[in-house]
Amino acid sequence: MIKQLSVFVQNEVGSLAGVTSILKENNINLKAIASFDTPEFAILRIVVDQPDKAKILLAENGYAVKITEAVAVELEDVPGTLNGMLTVIAEANLGINYIYSIVIRHKKAPLIIVNTDNLEKTVTVLRENGYLVADQEDL
Amino acid sequence: MIWNETKECMSRDEIHNLQSARLKKLVKRVYHNVEFYRKKMQELNLEPGDINGIEDLHKLPFTTKTDLRDNYPFGLFAVPESQIVRLHASSGTTGKATVVGYTRKDIDIWQECVARVLAMAGIGSMDKIQVAYGYGLFTGGLGLHYGAENLGATVIPMSTGNTQKLITMMEDFQATAIACTPSYLLHIAETLEESGKINKINLKAAICGAEPWTENMRKEIETKLNLKAFDIYGLSEIIGPGVAADCEYHNGLHVYEDHFLPEIIDPNTLQPCKEGEVGELVITTLTKEAMPLFRYRTKDLTSISYEKCQCGRTIARISRFKGRSDDMLIIRGVNVFPSQVEAALLEMGETRPHYLLIVDRINNLDILEVQVEVEEHFFSDEIKELEKLTKKISRVLQDALGLSVKVTLVEPKTIQRSQGKATRVIDRRKLI
Numbered sequence: 073m074i075k076q077l078s079v080f081v082q083n084e085v086g087s088l089a090g091v092t093s094i095l096k097e098n099n100i101n102l103k104a105i106a107s108f109d110t111p112e113f114a115i116l117r118i119v120v121d122q123p124d125k126a127k128i129l130l131a132e133n134g135y136a137v138k139i140t141e142a143v144a145v146e147l148e149d150v151p152g153t154l155n156g157m158l159t160v161i162a163e164a165n166l167g168i169n170y171i172y173s174i175v176i177r178h179k180k181a182p183l184i185i186v187n188t189d190n191l192e193k194t195v196t197v198l199r200e201n202g203y204l205v206a207d208q209e210d211l
Numbered sequence: 306m307i308w309n310e311t312k313e314c315m316s317r318d319e320i321h322n323l324q325s326a327r328l329k330k331l332v333k334r335v336y337h338n339v340e341f342y343r344k345k346m347q348e349l350n351l352e353p354g355d356i357n358g359i360e361d362l363h364k365l366p367f368t369t370k371t372d373l374r375d376n377y378p379f380g381l382f383a384v385p386e387s388q389i390v391r392l393h394a395s396s397g398t399t400g401k402a403t404v405v406g407y408t409r410k411d412i413d414i415w416q417e418c419v420a421r422v423l424a425m426a427g428i429g430s431m432d433k434i435q436v437a438y439g440y441g442l443f444t445g446g447l448g449l450h451y452g453a454e455n456l457g458a459t460v461i462p463m464s465t466g467n468t469q470k471l472i473t474m475m476e477d478f479q480a481t482a483i484a485c486t487p488s489y490l491l492h493i494a495e496t497l498e499e500s501g502k503i504n505k506i507n508l509k510a511a512i513c514g515a516e517p518w519t520e521n522m523r524k525e526i527e528t529k530l531n532l533k534a535f536d537i538y539g540l541s542e543i544i545g546p547g548v549a550a551d552c553e554y555h556n557g558l559h560v561y562e563d564h565f566l567p568e569i570i571d572p573n574t575l576q577p578c579k580e581g582e583v584g585e586l587v588i589t590t591l592t593k594e595a596m597p598l599f600r601y602r603t604k605d606l607t608s609i610s611y612e613k614c615q616c617g618r619t620i621a622r623i624s625r626f627k628g629r630s631d632d633m634l635i636i637r638g639v640n641v642f643p644s645q646v647e648a649a650l651l652e653m654g655e656t657r658p659h660y661l662l663i664v665d666r667i668n669n670l671d672i673l674e675v676q677v678e679v680e681e682h683f684f685s686d687e688i689k690e691l692e693k694l695t696k697k698i699s700r701v702l703q704d705a706l707g708l709s710v711k712v713t714l715v716e717p718k719t720i721q722r723s724q725g726k727a728t729r730v731i732d733r734r735k736l737i
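Chain order of the listed sequences is A and B. Reading the first sequence from the start, the letters are residues 73 to 211 in the numbering used here. Reading the second sequence from the start, the letters are residues 306 to 737 in the numbering used here.
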């Protein structure tokens, strides 16, 4: 499993840049980003190289931020692999809360990040079905 | 038409004599029946015999909303409970309601005053009036209802909440008058325009109150609906709507001085203001039996004139209200204190009491938005949890205020922190 940061931001001009500028100033590398919005607010989810440091910095700058875990799965770049993985999760009767991807990895395949109601079980069923589940150090 | 010419057109001397006689009787009755006032008078070394007329009014203690709360629910009643025939209540500053009681005679006085207001607006026994104030603990609905029945008009007790039904009955019954808040009446006018029914209605007068409004709003209402709109004022602590209202000259609101003795004071020094000077309206109930009040501080800012009006009435007139001397907001006719929001949020425990109230008027309806800061300890990384929280806060606030509230979650520390007195309210309605 990997660590991700969830940040509460208002749905306003410049709110995402507010977060990324703090990361930039502190030389924290952003690996993945996804934003899930409602009309008034959004939850910004990010994967970075130094999650604990990023959390402290964002909190110091007044953001409501949480570190949570998610499952990262390495998928081959051929048609149907994502469908195969989603089918495994569905057949294990696990609900998916959200899904996004990490594309940029040095000489490695992209990762799909998925959050479900039961992360442990998700990791187990995916590994049983031959999927490569990455850990924080694999990023 | 003047409903009670004897009482509305007396000479100033006759008014003073009547007020003095009633005040003397009132002070005696209150001193012997209400412990709260007896103690207050004793602290001031004041005996009923020291009050010989309205020139001695300034010797009496003031009464505030806090006094009403401290004596919740029935501590200020001056009659045995068996004589109380009605209770009404309005929202208090910190959650507890302000309760008022009425004897049968109090109800008679109230409906007499409201009948005077309606007659002043040209309404009579041939008219059909839709009462579209809320019925219930709020005094608006029942106050206008009893007054209109007393006048002999036909009452259509609509209450609030169903504009379509109101419009259907307005057209089908050919209602000739309506009583509601001015903002709601503008909303009705717009709905009538949209449905193309604006020419099918037969309204000639509107009695608007329970919230501040402007001369421009009056003109807009009168033009859109082709009727005459009148301003009615009142507060439950004194009796409800019908304490004062304006006549066809719209040159201030006539106060029914035979029942309600008005004063204007400087809210800081508590000293009386000169005629025409703006200050806080203070009212002594001269005839109320169940819950008479000495010098009740309304917190409403206005000025007074004792000049005879063109309409022939000699009773005092108070000017259109200039605002409040406290932070109370009136939203859709409901009194809201920012402290109520704070108390409700603190009680809920899930948010910190950093909040901002934004009041706006959109399509002529008042909207209350409450912004609440998201704190790390209750921030969930799931949108559905945050939406659940938003709904919960909005339900808690709705219960506390008696008003629907739009809750918006905002980032931590984005609401201005208090430096001295915090800015808790942004009122975007331009009413004064």
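We put the CB at the ideal spot given by N, CA and C, even for glycine.
- Have a look at Ile168 (chain A) and Thr695 (chain B) and give me their C-alpha separation to the nearest angstrom. Position 96 of the first sequence, counting from 1, holds the residue named residue 168 (chain A). Position 390 of the second sequence, counting from 1, holds the residue named residue 695 (chain B). Approximately 23 Å between the Cα atoms of the pair.
- Contact check, Thr713 (chain B) vs Glu112 (chain A), beta carbons under 7 Å: Counting from 1 along the second sequence, the entry for residue 713 (chain B) is found at position 408. Counting from 1 along the first sequence, the entry for residue 112 (chain A) is found at position 40. Yes, Cβ-Cβ distance for Thr713 (chain B) and Glu112 (chain A) is below 7 Å.
- Task: Please confirm whether any heavy atom of the ligand NAD lies closer than 6 Å to the CB of Tyr407 (chain B).
- Result: Absent from the structure shown: the ligand NAD. Ligands present: none.
- What does Glu681 (chain B) reach in chain A if we use C-beta pairs closer than 8 Å? Against the second sequence, residue 681 (chain B) aligns to sequence position 376. The answer, in chain order, is Ala131, Ala136, Val137, Lys138.
- Query: CA-CA distance, Gly86 (chain A) and Lys193 (chain A)?
  - Reply: Stepping through the first sequence from its first residue, residue 86 (chain A) is reached at position 14. Stepping through the first sequence from its first residue, residue 193 (chain A) is reached at position 121. Spanning the two alpha carbons is a distance of roughly 38 Å.
- With DSSP as the reference, label Ile512 (chain B) as helix, strand or coil. As a working mapping, residue 512 (chain B) is identified with position 207 in the second sequence. Correct three-state label for Ile512 (chain B): strand.
- Item | Within 7 Å of chain A by C-beta, residues of the segment 389-415 of chain B in sequence order | none
- According to DSSP, which residues form a beta bridge with Lys75 (chain A)? In the first sequence, residue 75 (chain A) corresponds to position 3, counting from 1. According to DSSP, which records beta bridges pairwise, Lys75 (chain A) is partnered with A:Glu141.
- Item | Range of the contiguous beta strand (DSSP E) that encloses Cys485 (chain B) | Along the second sequence, one-based indexing puts residue 485 (chain B) at 180. That run of the beta strand (DSSP E) goes 482-485.
- Can we say the segment 451-462 of chain B touches the segment 412-429 of chain B, given the rule of at least three CB pairs closer than 8 Å? yes
- Query: Got a sec: which bits of the segment 552-583 of chain B sit with their beta carbon under 8 Å from any beta carbon on chain A, in order along the chain?
  - Reply: none
- Query: Which residues, in chain order, does the segment 169-196 of chain A contribute to contact with chain B at a C-beta distance below 8 Å?
  - Reply: Asn169
- Query: Which residues of chain A have a Cβ atom closer than 8 Å to the Cβ of Ile663 (chain B), listed in chain order?
  - Reply: Translated into the one-based positions of the second sequence, residue 663 (chain B) becomes position 358. None at all; the shortest Cβ gap to chain A is about 13 Å.
- Query: So which residues of chain A does Glu687 (chain B) contact, with C-beta pairs closer than 7 Å?
  - Reply: Working through the second sequence from its first residue, we reach residue 687 (chain B) at position 382. Those are Asn169, listed as they occur along chain A.
- If you count every other CB in all the chains shown that lies within 10 Å of the CB of Ser702 (chain B), and 16 or more means buried, which is it? By one-based count along the second sequence, residue 702 (chain B) stands at place 397. According to the sequence provided, residue 702 (chain B) is Leu. The question's Ser does not apply to it. The residue in question, Leu702 (chain B), is buried, as its Cβ has 16 or more Cβ neighbours within 10 Å.
- Pull up the distance between the alpha-carbon of Leu650 (chain B) and that of Gly380 (chain B), whole angstroms please. Here residue 650 (chain B) refers to the residue found at position 345 when the second sequence is read from its first residue. Here residue 380 (chain B) refers to the residue found at position 75 when the second sequence is read from its first residue. For Leu650 (chain B) and Gly380 (chain B), the distance between alpha carbons rounds to 29 Å.
- Query: For Ile609 (chain B), which beta-bridge partners are listed by DSSP?
  - Reply: Here residue 609 (chain B) refers to the residue found at position 304 when the second sequence is read from its first residue. Answer by DSSP bridge pairing, in chain order: B:Ile623.
- Item | Whether Lys103 (chain A) touches Val119 (chain A) by CB criterion (7 Å) | In the first sequence, the residue the question calls residue 103 (chain A) occupies position 31. In the first sequence, the residue the question calls residue 119 (chain A) occupies position 47. Cβ distance < 7 Å, so Lys103 (chain A) and Val119 (chain A) count as in contact.
- Message: Residues of chain A with CB closer than 9 Å to the CB of Thr713 (chain B), please, in chain order.
- Response: Translated into the one-based positions of the second sequence, residue 713 (chain B) becomes position 408. Those within 9 Å of Thr713 (chain B) in chain A are Gln82, Glu112, Phe113.
- Query: Nearest-angstrom Cα distance between Gly628 (chain B) and Ser685 (chain B)?
  - Reply: Taking the second sequence and counting its residues from 1, the one referred to as residue 628 (chain B) is at position 323. Taking the second sequence and counting its residues from 1, the one referred to as residue 685 (chain B) is at position 380. If I take the Cα positions, the gap works out to 41 Å.
- Task: Compute the Euclidean distance between the alpha carbons of Ala394 (chain B) and Lys401 (chain B), then round it to the nearest angstrom.
- Result: To locate residue 394 (chain B), count along the second sequence from 1; it is residue 89. To locate residue 401 (chain B), count along the second sequence from 1; it is residue 96. Answer to the nearest angstrom: the Cα atoms are 10 Å apart.
- Query: How is the beta strand (DSSP E) around Gly539 (chain B) delimited, first residue to last?
  - Reply: Stepping through the second sequence from its first residue, residue 539 (chain B) is reached at position 234. Unbroken beta strand (DSSP E) run through Gly539 (chain B): 533-540.
- Item | Other residues of its chain near Gly358 (chain B): CB distance less than 6 Å, five sequence neighbours each side excluded | Here residue 358 (chain B) corresponds to residue number 53 of the second sequence, with the count starting at 1. Correct list, in chain order: Ser325.
- Host alpha helix (DSSP H) of Ala705 (chain B) (start-end): Within the second sequence, numbered from 1, the residue matching residue 705 (chain B) stands at position 400. Taken as a continuous stretch (DSSP letters only), the alpha helix (DSSP H) holding Ala705 (chain B) covers 688-706.
- Item | Neighbour flag for Ser78 (chain A) against chain B, beta carbons, 7 Å | Translated into the one-based positions of the first sequence, residue 78 (chain A) becomes position 6. Interface residue, yes.
- Item | Close beta carbons around Gly539 (chain B), own chain, < 6 Å, minus the five adjacent residues each side | Here residue 539 (chain B) corresponds to residue number 234 of the second sequence, with the count starting at 1. Same-chain partners within the cutoff: Gly545, Pro546, Gly547, Val548.
- Message: In whole angstroms, give me the CA-to-CA distance for Lys711 (chain B) and Asn101 (chain A).
- Response: Here residue 711 (chain B) is taken as the residue at index 406 of the second sequence, counted from 1. Here residue 101 (chain A) is taken as the residue at index 29 of the first sequence, counted from 1. About 38 Å.
- Query: What distance in whole Å lies between the Cβ atoms of Val436 (chain B) and Ile461 (chain B), which are believed to be in contact at a cut-off of 8 Å?
  - Reply: Counting from one through the second sequence, the residue named residue 461 (chain B) turns up at place 156. Counting from one through the second sequence, the residue named residue 436 (chain B) turns up at place 131. So it is a contact: roughly 7 Å between Cβ atoms.
- Query: Among A:Lys125, A:Asn187, A:Leu130, which residue has its Cα nearest to the Cα of Thr140 (chain A)?
  - Reply: Within the first sequence, numbered from 1, the residue matching residue 140 (chain A) stands at position 68. Comparing Cα-Cα distances from Thr140 (chain A) to each of A:Lys125, A:Asn187, A:Leu130, the minimum goes to A:Asn187.
- Just the C-alpha distance for Ile161 (chain A) and Glu690 (chain B), rounded to the nearest angstrom, thanks. Here the question's residue 161 (chain A) lines up with position 89 in the first sequence. Here the question's residue 690 (chain B) lines up with position 385 in the second sequence. Between Ile161 (chain A) and Glu690 (chain B), the C-alpha separation is close to 23 Å.
- Indicate the three-state DSSP secondary structure (helix, strand or coil) for Ile414 (chain B) in the structure shown. As a position in the second sequence, residue 414 (chain B) is number 109, starting the count at 1. Correct three-state label for Ile414 (chain B): helix.
- CB contact check: Phe684 (chain B) to chain A, cutoff 7 Å: Mapped onto the second sequence, residue 684 (chain B) falls at position 379. Taking Cβ atoms only, chain A reaches closer than 7 Å to Phe684 (chain B), which makes this a yes.
- Using CA coordinates, which residue listed in B:Ile731, B:Ala510, B:Tyr660, B:Leu673 is at the minimum distance from Ile636 (chain B)? Position 331 of the second sequence, counted from the first residue, corresponds to residue 636 (chain B). Among B:Ile731, B:Ala510, B:Tyr660, B:Leu673, the Cα nearest to that of Ile636 (chain B) belongs to B:Leu673.
- Message: Here's the rule: buried if 16 or more other CB atoms are within 10 angstroms of the residue's CB, otherwise exposed. What is Thr368 (chain B)?
- Response: Numbered from 1 along the second sequence, position 63 holds the residue referred to as residue 368 (chain B). By the 10 Å Cβ count, Thr368 (chain B) comes out buried.
- For chain A, find out if any of its Cβ atoms is closer than 7 Å to the Cβ of Gly725 (chain B); answer yes or no. By 1-based counting over the second sequence, the position of residue 725 (chain B) is 420. Caution is warranted here: a pLDDT of 47 is assigned to Gly725 (chain B), below 50, making its placement in the model unreliable, and the coordinate value is therefore given only provisionally. No, its Cβ sits nowhere closer than 7 Å to a Cβ of chain A.
- Item | C-alpha gap between Leu183 (chain A) and Ile174 (chain A), whole angstroms | Within the first sequence, residue 183 (chain A) is the residue found at index 111, counting from 1. Within the first sequence, residue 174 (chain A) is the residue found at index 102, counting from 1. Approximately 5 Å between the Cα atoms of the pair.
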